């Protein structure tokens, strides 16, 4: 109780009643006897101390509330804002906690000492208000401590409001407590309290207003911005056209004067930044001794293991509040992206040491920065480093030789390598992001080491005001696919390859231009809702370690699970390897031994498991194996397909368990059967040699490629003449989709070029082979066998027929594709897929009559379907009915406004209708979505020429030539394909794998190596 009490008997009550009866409050107060306080001298001093502390606490609280109100009203002259954090404000936040706890201790002590006296006198009003104050004080303390430990996040907003509400109530309860006390304190004391509080508040407000400077920059940033480097060639606000002498400036062009050339990366200051911005001070801002100790530990581990994994470089601060996210990131491929990745190290050093041919742009860069000619390869390597080595490149280290055992070289992609990005310049990739390097950690004691008082106070200030931290490091762009596109979309340009613009890996457009993103009306399957990269690769995951960013106990996973099984295998990280394999098997692909053909003109027998056919010894048959991309949001495979290795293993086993034939085995030398049905790319350099070192700078032409787009399918044809002595009974066909992150040739190169990176391996490691999907059917030999169908299979049979037709349509096999599509239309008349795909097939074959008939059938099933409208647009365009074609494409765009191909075909329809200005508008919309769309540039150029706008047309011609295809380059592939029949087979649109029956002891058992390879870590180990 914070005020004097009094035992009030009936006479007091009567006196008050009498005063009330006479209607004179003044006389009532005068009628009260002057009572002495029941507080002893000690308690009075104790109370004065508490009230004195309360003056500061109340002023402090009002100051913090004023800041919050100013934030809400956007009063920039006073508000803290989202990007700045004045030291006074932080000091008041910390003292609010500290002084609040002191005040709570004082007042709870006072309560304990004062309550017994009041309780004896049985003054109910004083007791109730005093207990109310105690309860509110408890709520204040508990919510304050909760905010201190769990952060004042949106999810914890209830705690903040409870804290504020209890603060208001405790002040009200104190005022009420003093009012109900008979011996009330003189009003002068209340005035003094208010004036003292106001005075302290006035001092704080004045101090804040005089010292609040808004955005607080690093010294390096202040100097760079003063020189205008932010608008320079490497700056966030650059205008590229100022730094190149050309009329046509392609989107994403990097000026040679940029310090980061040829990477498209920029910094807010336009120049190199201290590596501490990315590594969060671990490389130079810790105490000198601690920094030396860490560097020694990193070097020792690199020498022993080949790379560092024990030190959480760039995350030692983050882990204090984000233990779950940090633990997830610590096992990710992002963390091991730089010289802590032995494969990457081998490739990047090969480029840095061997790619010395310099074009005019590289020469200009060498001269601009005073580099020797032999640094050309190191300059080119920055094209990789924007996404692999930001801690090195952004600090200017990539222009010199790299010591792989340093902290910076082993940093990989740290937390801030992603979270310090504040802008994506465009959607052309190549690391086209900006690193916000003008600020560092704005909170007090940012350099304090973990476990110290300074670190505790730093974290307390952050948790009390996390919005600034979140505003700096978690922006809306981080939850978009465009953010991922900065590094998962790549193009090669002449500064890197001394040749021309070429498309590299491109997961972004493969996703964006698909049904998964709901941006492609020509998709075969349309999901109910669009998904972005983060939905698959950063799903919510349990946060058992108490991560403060958790919502409902879950955080967005920072494992970034995908397909890289090689790196966890090298680390011996079986848990991560298991997670990746589970991710790959989680409805990503489906394999289906769906059909059998007996002759080229025979009808295929479809649904082999539903109605198994019978074959005869000596008969020639073809098995049709369908692989469907049902859960990958871009092509399968994606990424670096010159070194990736996916394939089909197909085998036949007779009734006695003998293997009759197999395709897709790994040989004893570790190399895959070259005649296997593969999912990868075979790419050649300018001399016709295969790209087997990830030497992207030498890429010239693709000899063969096979990938499966989202919601699409592929078919492998396996033909065999069955052995004449095949025993009667049954024949089992088995198919497996297998995956190995790197093919054997690249693994051999990496091990040979960088043996130090594989320090724990005595020989070339056998990378794990993962079984993604499998299927098995049994057919009869000389008689039929029972089907193995199920109700679930029956319900999904239309999808299997549809997938078979899709796969045949993709390879250009229109004649065969018609059969499964007709089955879908006949047996599943309530689905639009049958007639729609028959219309697609007819249009592709140039059969407009059948196309229109089937489109009419599709409209009777579902009217106004934008996927049907897409085919209507193409059919009317082919028929020359341009107004109907335009109406169809506009209907598509009404449902899919980001459908680049619909915009392009709309423009083409208008061009054919000689409406050139309207055509240009449509082509401009296409290029806004995809600025590298070659055909849109060409058609736009034709439209401009038709309007007589020749100067603009010349720019369009230049764009078309930049993104055009070198048709002559295919001549390079002929010699290679003639010497490599497997690649030549893969290059054909329709190709059949000829199976040779296995003879002798080889057929007696299934190879154990094949089974072993599909297990986690199978095929070898450290």
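Residue numbers (the numbering used here): 49 to 1070. Even for Gly, the Cβ is constructed at its ideal location relative to N, Cα and C. All values reported here derive from a predicted model rather than from experimental measurement.
(message) Suppose contacts are defined by Cβ-Cβ distances below 7 angstroms. Is residue 899 in contact with residue 923 by that definition?
(response) yes
(message) If you reduce the DSSP assignment to three classes, tell me which class residue 877 lands in.
(response) coil
(message) Give me, in chain order, the residues of the same chain whose beta-carbon lies closer than 7 angstroms to that of residue 78; leave out the 5 immediate sequence neighbours on both sides.
(response) A caution first: residue 78 carries a pLDDT of 47, below 50, which makes its placement in the model unreliable, though a value can still be read off. Excluding positions up to five away in sequence, the list is empty.
(request) Would you list, in sequence order, the uninterrupted alpha helix (DSSP H) runs of no fewer than 4 residues that lie entirely inside the stretch 989-1050? (result) 998-1011, 1018-1027 and 1029-1035
(message) Check this for me: beta carbons of residue 658 and residue 631, under 7 angstroms apart or not?
(response) no
(request) Take the Cβ of residue 647 as the centre, count every other Cβ of all protein chains shown within 10 Å, and call the residue buried at 16 or more, exposed below. (result) exposed
(request) Figure out for me which residue from 499, 366 and 268 has the closest Cα to the Cα of residue 318. (result) 268
(request) Please state whether DSSP places residue 755 in a helix, a strand or coil. (result) coil
(message) Going by DSSP in three states, residue 698 sits in which element: helix, strand or coil?
(response) strand
(message) According to DSSP, residue 588 sits in a beta bridge with which residue or residues?
(response) 604
(request) Pick out whichever of 256, 296 and 497 has its Cα sitting closest to the Cα of residue 1002. (result) 296
(message) For residue 831 and residue 665, what's the separation of their Cα atoms in angstroms?
(response) 11 angstroms
(request) Could you check which residue in 939, 252 and 984 has the C-alpha nearest to that of residue 956? (result) 984
(message) Can you tell me whether residue 219 is helix, strand or coil according to DSSP?
(response) helix
(request) Keeping to the same chain, check which residues put their C-beta closer than 6 angstroms to that of residue 384; ignore five residues upstream and five downstream. (result) 460 and 615
(request) Please go through the same chain and pick out, in chain order, the residues whose beta-carbon is closer than 8 angstroms to the beta-carbon of residue 71, but skip the five residues on each side of it. (result) At residue 71 the pLDDT is 41, less than 50, meaning the model places this residue with poor confidence; the figure from the coordinates comes in the next sentence. Cβ within range, chain order: n/a, list empty.
(message) Suppose you measure from the CA of residue 914 to the CA of residue 584; what does that come to, to the nearest Å?
(response) 26 angstroms
(message) Starting from residue 671, trace the beta strand (DSSP E) in both directions and tell me its first and last residue.
(response) 668-677
(request) Can you give me the start and stop residues for the beta strand (DSSP E) that residue 784 sits inside? (result) 777-788
(request) Assign residue 478 to one of two classes, buried (16 or more other C-beta atoms within 10 Å of its C-beta) or exposed (fewer than that). (result) buried
(request) Please state whether DSSP places residue 165 in a helix, a strand or coil. (result) helix
(request) Give the straight-line distance between the Cα atoms of residue 287 and residue 304, rounded to the nearest whole angstrom. (result) 13 angstroms
(message) Going by DSSP, what residue range makes up the beta strand (DSSP E) through residue 726?
(response) 725-727
(message) Assuming contact is defined by CB atoms lying nearer than 7 angstroms, are residue 189 and residue 152 in contact in what I supplied?
(response) yes
(message) Three or more C-beta pairs under 8 angstroms: does that hold for the stretch 414-429 against the stretch 480-497?
(response) no
(request) List the whole-angstrom C-beta distance separating residue 580 from residue 529, where the pair is believed to meet the contact cut-off of C-beta under 8 angstroms. (result) 5 angstroms
(message) Quick check: what's the CA-CA separation for residue 372 versus residue 197?
(response) 15 angstroms
(message) Taking the straight line between their C-alpha atoms, what separation do you get for residue 834 and residue 1044?
(response) 28 angstroms
(request) Inspect the beta-carbon positions of residue 853 and residue 902 and report whether they are closer than 7 angstroms. (result) no
(message) Within a Cβ cutoff of 6 angstroms, which residues of the same chain sit near residue 61, ignoring the five residues on either side of it in sequence?
(response) With a pLDDT of only 38 at residue 61, under 50, the local geometry of the prediction cannot be trusted, and the value read off the model is given with reservation. Excluding residues within five positions, none has a Cβ falling inside 6 angstroms.
(message) Let me check understanding here. Comparing Cα to Cα, which of 147, 977, 258 and 1034 lies closest to residue 568?
(response) 977
(request) Express the C-alpha separation of residue 724 and residue 712 in angstroms, rounding to a whole number. (result) 5 angstroms
(message) In the DSSP assignment, the beta strand (DSSP E) including residue 563 goes from what residue to what residue?
(response) Where residue 563 is concerned, there is no enclosing beta strand (DSSP E), given that its DSSP letter is neither H nor E.
(message) Judging by CA-CA distance, which residue of 699, 541, 815 and 890 is the nearest neighbour of residue 744?
(response) 541
(request) Go through the stretch 926-958 residue by residue and report every complete run of the beta strand (DSSP E) that reaches 3 residues or more, in order. (result) none
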